[in-house]
Amino acid sequence: MESFCEQTIQILCRFVEDAVIFIDDASCECLHWSGGFKKLLEAGALDVRDIKHTKECLESEAKAVFVVSTPLLGQVSNYVKRIVKSSDFSQCIVISTISSEANDFIVRGQNFPAFEYYTRQLKLWIQNELASVQIVHLPLFACNLTPNVFITSPNSNLFPVLPSDVARLQRFLHSKGDKRKFNNLGDVDFNFLPHNIQCNIKMLTSSMATMFEAMQINEDCYSVGHFSRLVANDLANMPDPKGRRKAATKRASVIFMDRTLDLVAPISHTSDSVFGTIYEILPRLKNHNNDVAVDMSSLFAPGNITNETLFPGSLAHYGHEEVQKLFTYFIRKTRKECLSYICERVEAFLKKESITIVEPDESSKYNINRLKTLLELIRNNQSILKKYRGFLQCSMALLNALSDEENERLDELLSAEKGILLEMGEENTSPFTQVMNMLTNSSKQRFSVVDALMFCLFIYSAENEVSNLSLGDEEKIKEVMINLLMDGSHKEDLLFLLGDLDSSERQIRTRIADVFERLRVISQARREMKKLTNVIGRDLMGVVRYEALVKQIIEQIFDGTKSELEDIEFRSHGIKDFLKTGFGFFMNVTKPRPDDHPLLILYVIGGITWHEVKTIQETLEKTKPNTQVLIGSTRIITPSEILEQVLCTENLFVDVDT
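Counting in the working numbering, the sequence shown runs from 39 upward without gaps.
1) To the nearest angstrom, report how far apart E656 and I646 are at their CA atoms.
2) Tell me the residue span of the beta strand (DSSP E) that contains V103.
3) Name the one or two DSSP bridge partners that E607 has.
4) Please go through the same chain and pick out, in chain order, the residues whose beta-carbon is closer than 7 Å to the beta-carbon of N405, but skip the five residues on each side of it.
5) Could you tell me which residues DSSP puts in a beta bridge with G671?
6) Specify the secondary structure class of F493 as computed by DSSP and reduced to three states.
7) Pick helix, strand or coil for I395, following the three-state DSSP scheme.
8) Counting along the chain, where does the beta strand (DSSP E) carrying M295 start and finish?
9) Let me know the secondary structure DSSP gives T248 once reduced to three states.
10) Would you decide whether N466 is buried or exposed? Buried here means 16 or more other CB atoms lie within 10 Å of its CB.
11) Return the CA-CA distance between C95 and L110, expressed in angstroms with no decimal places.
12) DSSP state of N182, grouped into three classes?
13) Express the C-alpha separation of E659 and A57 in angstroms, rounding to a whole number.
14) With H, G and I counted as helix, E and B as strand and the rest as coil, what does DSSP make of F596?
15) Count the C-beta pairs between the region 291 to 298 and the region 249 to 265 that are closer than 8 Å, then say yes if the count reaches three, no if not.
16) Contact criterion: CB-CB distance below 8 Å. Does Q208 meet it with respect to chain D?
17) If you draw a straight line from the C-alpha of G622 to the C-alpha of R289, how long is it?
18) Among I316, V302, N479, which has the Cα closest to the Cα of E585?
19) Let me check one thing: in DSSP terms, what residues is Q172 bridge-paired to?
20) Looking only at its chain, what residues have a beta carbon closer than 8 Å to the beta carbon of A490, apart from the 5 residues adjacent to it on each side?
21) What first and last residue would you give for the alpha helix (DSSP H) that runs through G575?
22) If you count every other CB in all the chains shown that lies within 10 Å of the CB of A439, and 16 or more means buried, which is it?
23) Just the Cα atoms here: how many angstroms apart are K28 and A64?
24) Should T665 and D633 be called a contact, given that it needs their Cβ atoms to be closer than 8 Å?
25) Whole alpha helix (DSSP H) runs in the region 514 to 600 with 4 or more residues, listed along the chain?
26) Just to confirm, are E40 and P185 a CB contact at a threshold of 8 Å?
27) Roughly how many whole angstroms lie between the Cα atoms of D278 and R556?
28) Please name the residue in L299, T394, N479, I674 whose C-alpha comes closest to that of P198.
29) What is the DSSP secondary structure of N445, counted as helix, strand or coil?
30) State yes or no: is the C-beta of T672 within less than 8 Å of the C-beta of N193?
31) If you draw a straight line from the C-alpha of E688 to the C-alpha of L535, how long is it?
32) Am I right that L273 and T248 are in contact with their C-beta atoms under 8 Å? What's the rounded C-beta distance?
33) Measure the beta-carbon distance from M524 to E512 and round it to whole angstroms, keeping in mind my assumption that it falls under 8 Å.
34) Express the C-alpha separation of P350 and K140 in angstroms, rounding to a whole number.
35) What is the residue span of the alpha helix (DSSP H) that V684 lies within?
36) Is DSSP giving L637 helix, strand or coil here?
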């Protein structure tokens, strides 16, 4: 994967000599994690600018390269048009991360290809008959966060259709004259989805097809979940340009999984992965979905430090071995072990730079205060800051996160989650009772309405079916939430749920009813699964435990007994594969399995957490497969983000331009 990202940027570098580069947010994030900006400047680029910028180009800036990850005839077209018409370019190159075929699908109904039409438009805007115009497809869509974890940044808004969307989809089709009926998500085919969500799927699958072509891989496609089945089908049955699968020299399996099958992991505030804590507490780097903004001010002399004079640090430091090793600690180790490792490394840096350090006593060795003391010795030392900038930025990310007051609140939320989990293991009890107590007990008013909704989503995703007892408690919780939202003291909750502080009682009641309709059907997400039915179980001591679905998938695939994978569906892309899956009982053939090939990609549609990454890696260490496993997703996701995605985001009638 790392090699593919490097190769893609190398190809991009061939176009940028003497050019001003205009780039959108998703493409920027891909370059950010691959050291791409430095490579572009070394390749001769004059400057790299935000595609939304309004500054006029200089007369000497005669060449422009636009790098875009959204459809060419969408909003990006307006940005390009404004820049081109206000400049005097003699050469204009557009790098589209979406293939020409996907662009054609998105702008359906046109009489000629999107790339051809857009080339004509560019020539009209430039108003220079001698100007050179070129449009190129380049699969710049992956961010390699670690050697075995990648994120497809342009697809960050792709999220599985919710079970509660089935009725809405049916009403939409009825308005178009299509009277078909759906009993559940399993009845929904690709062609029944609104066009924009079809486009979002095409944008992902076309990019993956181009990636596999570049890697010379012939891929087998699998799915876990209804929405993933549509994605896997589309990739498997995509027209085979120039017989790429036949020409491929390598084999791989790619498994798509619906995030909605297991929302316990992303909604939990577990501190098992230090990386997860960093991502949950620190703000996102501006215009980024997968990196955080690190406050570096304590490493510099006080004075005129502003947002303009000191940019935030980040986690992306391509090619830094020290940073990659620290990432391993952030994913796998405890807070104490991470602090100990960082302190030891900083001490080593200081000794190497001949800076005297005071050895700590045993009681204060390698804690937060020790790290602060060591970093004080580095303050404003430009030589050390420059030499070890990557490691220091990541170290400051941990220090900022662990020093934040939010830690106390996260501990309280985690403690409440554990109590709810234990309640689930008891008969004739409802876990909603605890949520009710949190809302009504004056001593526990530290929990907001949004916090309570997080606990409800936790419960609904953890339980396969909610009991009648729980449904009764649910009605009581809804009334309490409505009253709290109406009393005027829960402004943040009102803004989150309704976006308006002046909402009427009727609006609040309607919104809460919609929220719980979405929540309730989440408990049905695994209803049609045969083996992957539960994420809650008991260990050998009888203690109730959460077992991530990604862990169960990995365990089933690499189970030494080679038992049948009933929930991991193979999606055929040819008559030979169809015969294997459909008529295997007539023939002496073995049904395909994801571990048939040396490479397996597990791709979670809708976001993944660092806790799940840790869980997968630990499971692989136990099973010790001969297969290399890559973990992919649309984004790194946190509890607040998953709650917003499930309760407040339009997942059916989506926008392809965002």
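Even glycine gets a Cβ: it sits at the ideal position worked out from N, Cα and C. This one's a predicted model, so the numbers in the text were calculated from it and none came from an experiment.
Based on what the coordinates show:
1) So the two alpha carbons sit approximately 16 Å from each other.
2) 101 to 106
3) Per DSSP, S261.
4) L377
5) The amino acid at residue 671 is misidentified as Gly; the sequence shows Ser. Bridge partners of S671: I189, V642.
6) helix
7) coil
8) 288 to 296
9) helix
10) exposed
11) Roughly 22 Å between the two C-alpha positions.
12) strand
13) 47 Å
14) coil
15) yes
16) The structure shown contains no chain D, having only a single protein chain.
17) The predicted position of G622 is uncertain, since its pLDDT is 49 and thus under 50; no value can be drawn from it.
18) From the listed residues I316, V302, N479, the smallest Cα separation to E585 is found for V302.
19) I131
20) V473, M476, L477, I515, M519
21) G575 -> not in any alpha helix (DSSP H); beta strand (DSSP E) instead, spanning 574 to 576.
22) buried
23) Because the chain spans 39 through 696 in this model, residue 28 falls outside it and cannot be assessed.
24) D633 is positioned such that its CB atom lies closer than 8 Å to that of T665.
25) 529 to 535, 543 to 560, 587 to 595
26) yes
27) 39 Å
28) Selected option, being the one with the closest Cα: L299.
29) If DSSP states are grouped into helix, strand and coil, N445 belongs with the helices.
30) yes
31) 13 Å
32) Wrong, their Cβ atoms sit about 11 Å apart, outside the cutoff.
33) That belief does not hold up - the Cβ atoms of M524 and E512 are roughly 19 Å apart, past 8 Å.
34) A small correction: the amino acid at residue 140 is Ala; Lys does not occupy that position in the sequence shown. Per the coordinates, the alpha-carbon of A140 lies some 36 Å from the alpha-carbon of P350.
35) 677 to 685
36) strand
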